[in-house]
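Residue numbers (the numbering used here): 2 to 384.
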Ligand SMILES: O=C(O)[C@H](O)CO
């Protein structure tokens, strides 16, 4: 029996590798000879770097400016001239203790510093995996770290953080790192949100970064100003008809608007994150000859069906006619929904636990049980 286990992380419980290993342990407890490939996956947000490293990319460590200004040790991954930068490693919300969240002050500067480090290592193709950020600065910090000048009415550099953007008067892009002109960027984002408005970066995501209602309003104002001034600067540099309204582009609102800066200034090509990760991990090669695929993520819901990891893996397996089983911490989908999506079965750890906290705490144990149950079901069908 050949089984490919290609899960995303179970947020707050286990990383993707641990989820896969727990399922594999369970399968082997029933089918000792099973040929199992564990392929840690991600949807373009957090976990993308781990997926690249698991796929053989080399790791480089750099000290960069953390989301609130203190230095953090971050990593990027590189293979030949392709680098994977995961924003969350430099500018992630997980780097900030819950009591210290500062939605106005947090910056994406460290992500720009990571990009600069990758350029110094010879990268000419950069996959920018964004999501899980502490910042809502529209990518202003990232651009500043790459040489852009963001100035206030007195011609002084703006302080870091989305809260300061309301004082932005001018952006100069002529000072950008010249290597960027010869670098191809792919934007792999965890969400498709636009930059502004009720579905934008400030309204939807800033509250989880510690923003009050008043902060959200201030951030929205600043991001609106930033988008307008940046667009004017881009129009100054290029014929007006070639400058798109990147603020409205899907993914522009990812990571507090870093998606916007990546699209507008780094000329990034936006791709569904899970497709990028499928390529990084060479998932299709792993799937060759498989009898079954197991995928999943912490919470399986309508958003998952919109193109998150489980569905990306499901589609890759379906093209080869391989059945796919979903495993999750909890699911809000009806059986008819996950079946209609194409999964042949769906298992949730919460179904084995008295409550959510226990489900998270004992995720490894439950996943091992689920792995055993899946293997037993396959064996029963075969015998
Ligand atoms: O970082 C964020 O703002 C969210 O994860 C959406 O990208």
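Glycine residues also receive a C-beta, built at the ideal position from the N, C-alpha and C atoms.
Own chain, CB closer than 7 Å to residue i, minus 5 neighbours either side, in chain order
i, result
"residue 140", "109, 258, 259, 261, 262, 263"
"residue 103", "69, 211"
"residue 247", "253, 261, 264, 265"
"residue 178", "117, 120, 147, 148"
"residue 317", "279, 284, 285, 288"
"residue 269", "129, 186, 187, 188, 263"
"residue 142", "108, 109, 110, 113, 136, 161"
"residue 380", "31, 32"
"residue 62", "74, 76"
"residue 239", "none"
Contact set for residue i: own chain, Cβ-Cβ below 6 Å, skip 5 residues either direction
i, result
"residue 271", "188, 252"
"residue 80", "58"
"residue 207", "104, 137, 217, 220"
"residue 2", "32, 35, 292"
"residue 150", "173, 176"
"residue 342", "306"
"residue 249", "195"
Within 8 Å, strictly: CB atoms of residue i and residue j
i, j, result
"residue 88", "residue 112", "yes"
"residue 72", "residue 64", "yes"
"residue 154", "residue 173", "no"
"residue 167", "residue 222", "yes"
"residue 232", "residue 244", "yes"
"residue 267", "residue 344", "no"
"residue 132", "residue 45", "yes"
"residue 355", "residue 308", "no"
"residue 118", "residue 77", "yes"
"residue 298", "residue 9", "yes"
"residue 5", "residue 315", "no"
"residue 313", "residue 361", "no"
"residue 107", "residue 162", "yes"
"residue 194", "residue 202", "yes"
"residue 392", "residue 135", "Any property of residue 392 remains undetermined from this structure, which presents the chain solely from 2 to 384."
"residue 115", "residue 75", "yes"
"residue 196", "residue 228", "yes"
"residue 255", "residue 302", "no"
"residue 376", "residue 28", "yes"
"residue 19", "residue 365", "yes"
"residue 310", "residue 277", "no"
Helix, strand or coil at residue i [DSSP, three-state]
i, result
"residue 236", "helix"
"residue 84", "strand"
"residue 51", "helix"
"residue 297", "strand"
"residue 72", "strand"
"residue 258", "helix"
"residue 136", "coil"
"residue 366", "helix"
"residue 320", "coil"
"residue 266", "coil"
"residue 58", "coil"
"residue 211", "coil"
"residue 352", "helix"
"residue 228", "helix"
"residue 195", "coil"
"residue 206", "helix"
"residue 335", "coil"
"residue 40", "coil"
"residue 346", "strand"
"residue 271", "strand"
"residue 173", "strand"
"residue 219", "helix"
"residue 185", "strand"
"residue 200", "coil"
"residue 282", "coil"
"residue 403", "The question about residue 403 has no answer here: the residues shown for the chain are numbered 2 through 384."
"residue 314", "helix"
"residue 330", "strand"
Chain C contact for residue i (CB, 8 Å cutoff)
i, result
"residue 382", "Included in the structure is just one protein chain, with no chain C present."
Cut-off 8 Å between Cβ atoms - residues of its own chain near residue i, not counting five sequence neighbours on either side
i, result
"residue 336", "347"
"residue 230", "169, 170, 171, 172"
"residue 226", "166, 167, 169"
Quiz item: Is the segment 10-18 touching the segment 27-35, taking contact as three or more C-beta pairs under 8 Å?
Solution: no
Self-check item: the segment 276-295 touching the segment 316-333, judged by at least three CB pairs closer than 8 Å
Solution: yes
Exercise. Taking 8 Å as the threshold, find out whether the segment 344-352 comes into contact with the segment 364-371 through three or more Cβ pairs.
Key: yes
Practice problem: Tell me, please, whether the segment 281-292 touches the segment 48-55 by the rule of three or more beta-carbon pairs shorter than 8 Å. | Solution: yes
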